[in-house]
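Notes to accompany the following structure.
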Amino acid sequence: AGSGPAAAADPPKALDVDSADDSVSLLQVERGALKHSRRQEPALFWAGKNGDLSRTGASAFTAPSNISAGPAWSFYGDLVRAAPVIDGQRNIYLSTIDGHVYKMSPQGSIIWKFKATAETPMVPALANGMFFATSTDGQAFALDMATGALRWRVTAGPCSAGDTWSMTATSSIVVLTVGASNASCDVNSVVVVLDARDGSLKWTYRPATVIYNFLSAVVDGSLVFADMTGGVYRLDLESGREIWKFNDTDVNSFTTGGAVVGPNRVVYVTSNNWNGPEQVGRLSALRLDTGARLWYRDTDFTANNAPAVGALHPSGAGPLSVVVGVGANPGAPPQRPGRHVGKVIAFDAETGRRLDWQYSPPVWNFEAAAGDTLLPLHVCLPDAFSNP
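Numbering (full-length UniProt numbering), first residue to last: 1 to 388.
Written out as structure tokens, the structure reads:
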């Protein structure tokens with residue numbers, strides 16, 4: 001829907017909002033936020049899931065407001081479940097279920113195409129002139145962003161699950177997740193960190209439970225992520241040493257959400273509680289330094305998306321806010337009658353106070369997501385919302 005941030009003649013420094021127009025934003029990045037990212041990352045518009053290494057979802061750009069004319073261009077072909085990433089020239093990189101990787105120009109023409117050894121359902125990452133991805137046979141690989149040439153490929157594990165988890169990359173490391181064995185590849189259970197230069201192994205870590213829709217943040221020389229119950233871990237990025245872990249959720253719960261780190265050095269994570277008469281979601285705020293919980297708020301519906309952290313007002317005025325989409329995820333096809341409701345809601349990032357700001361999309365009166373079919377095979381199984 002639209003051709004991207006066309007107003008930018010030259011790409012801004014990655015995440016450097018001082019060089020962007022503060023009058024237009026979806027969630028304005030706070031000045032001084034994510035300084036580690038500025039030092040490490042080249043000029044990229046959207047280097048990975050949620051845009052920055054803290055995974056805030058904050059953007060210095062606006063989405064098109066008038067979409068009545070339809071998209072400027074469309075790409076048809078391979079089945080796509082993952083979000084694209086965007087380099088400093090607004091070129092788009094896309095991984096697909098068929099195992100193809102595409103680099104496309106801002107106008108939609110294919111610049112290069114690469115075929116992986118298996119499916120590539122995860123969200124890729126860009127860093128230091130390289131594109132990073134992992135295929136479901138456990139092969140992690142790096143491509144030259146300019147040419148699509150293979151720079152390295154290594155066996156990171158016996159397999160990697162088919163959920164839409166997210167790669168993380170800096171100029172020095174690559175973070176991914178794999179299954180522990182070929183017999184347990186429905187979900188991933190091991191975090192793997194590789195050297196970005198050659199793919200050599202730096203360390204691995206196995207959390208208390210499995211990981212789904214893996215999303216990791218890099219902050220102050222550490223890695224922050226959540227497992228499938230909303231348990232949060234902070235590890236030393238160089239060694240994999242556990243700094244702290246937090247788990248105050250119902251062990252029988254499951255979420256497709258994740259953890260992000262705000263510019264205020266607070267970790268925000270979503271989880272679900274299935275023990276009560278109604279399934280409800282929860283948003284928790286933890287101190288980055290210690291993992292101690294500052295506050296939590298239960299949500300109207302289950303919380304199955306990672307939150308976004310930033311300022312709601314285009315000018316940056318008002319409190320730092322946390323925004324999350326809540327609602328049950330759609331079911332699997334075949335399509336049948338059902339009822340799906342949801343909301344996008346906001347909280348004061350410091351206090352957890354519910355803000356008078358929300359949006360309720362139209363009710364979806366079917367069980368599966370729009371477009372999901374069995375024949376011909378097109379199963380996406382999206383979450384209730386994309387990450388805001």
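C-beta atoms are modelled at their ideal positions from N, C-alpha and C, and glycine is treated no differently.
Note that the structure is a prediction, hence the values are computed from the model and not measured.
Coil, strand or helix - residue i by DSSP
| i | result |
| --- | --- |
| L377 | coil |
| S184 | helix |
| E350 | coil |
| G331 | strand |
| T270 | strand |
| G70 | coil |
| W165 | coil |
| L355 | strand |
| V17 | Low local confidence applies: a pLDDT of 26 at V17 is under 50, so the model's placement there is unreliable, with the coordinate-based value given in what follows. Three-state DSSP puts V17 in a helix. |
| L53 | coil |
| P388 | coil |
| T209 | coil |
| S321 | strand |
| residue 396 | There is simply no residue 396 to check, as the chain begins at 1 and stops at 388 in what is shown. |
| R287 | strand |
| R265 | coil |
| G371 | coil |
| R81 | coil |
| G342 | strand |
Residue i - partner residues in DSSP beta bridges
| i | result |
| --- | --- |
| P337 | F366 |
| Q242 | Note that residue 242 is Glu in the sequence shown, not Gln. L235. |
| W46 | I86 |
| L150 | L143 |
| D195 | I173 |
| F214 | DSSP output for F214 lists no bridge partner at all. |
| S222 | V219, D236 |
| F131 | L126, L143 |
| M104 | I92, I110 |
| A303 | V326 |
| A156 | Partner(s): none; A156 has no beta bridge. |
| G281 | N272, T299 |
| T256 | T256 is not bridged to any residue. |
Supposed close pair residue i, residue j - CB separation, criterion 8 Å
| i | j | result |
| --- | --- | --- |
| V269 | A226 | 5 Å |
| T164 | A82 | 5 Å |
| F75 | M104 | 7 Å |
| G199 | A140 | 6 Å |
| V341 | F301 | 7 Å |
| E238 | G221 | 7 Å |
| R55 | V260 | 4 Å |
| L215 | S166 | 5 Å |
Close-in-space but distant-in-sequence residues of the same chain around residue i (CB under 8 Å, 5 per side omitted)
| i | result |
| --- | --- |
| G138 | T155, A156, G157, P158, C159, S160, V178, G179 |
| V187 | A161, D163, G179, V210, I211, Y212, M228 |
| H378 | L79, G371, D372 |
| M130 | A142, L143, D144, M145, R151, A169, A196 |
Min CB distance residue i to chain B below 9 Å
| i | result |
| --- | --- |
| P64 | Here there is only one protein chain, and chain B is not present. |
Residue i Cβ short of 8 Å to the ligand ADP heavy atom set
| i | result |
| --- | --- |
| E278 | Here there are no bound small molecules, and the ligand ADP is not part of this structure. |
6 Å Cβ shell around residue i - same chain, five flanking residues per side excluded
| i | result |
| --- | --- |
| I86 | F45, W46, I92 |
| D298 | V280, R282 |
| I173 | V193, A196 |
| A116 | G99, S135 |
| L94 | P84, Y102 |
| N182 | P158, C159 |
| R265 | L288 |
| V191 | T177, Y205 |
| L381 | none |
| G331 | E367, A368 |
Beta-carbon proximity list for residue i, same chain, < 7 Å, skipping 5 on both sides
| i | result |
| --- | --- |
| W357 | L312, A346 |
| N329 | T256, N304, D383, A384 |
Inset, instruction - Could you tell me whether the segment 165 to 179 touches the segment 203 to 217, using the rule of 3 or more Cβ pairs below 8 Å? - result: yes
Legend entry - Inter-stretch contact at 8 Å, needing at least 3 Cβ pairs: the segment 334 to 351 / the segment 239 to 258: no
Inset, instruction - Answer yes if the segment 235 to 246 comes into contact with the segment 282 to 292, meaning at least three C-beta pairs across the two stretches below 8 Å, and no otherwise. - result: yes
Inset, instruction - Take every Cβ of the segment 360 to 368, pair it with every Cβ of the segment 295 to 311, and state whether three or more of those distances are shorter than 8 Å. - result: no
Inset, instruction - Decide if the segment 109 to 120 is in contact with the segment 135 to 150; the criterion is three or more beta carbon pairs, one per stretch, under 8 Å apart. - result: yes
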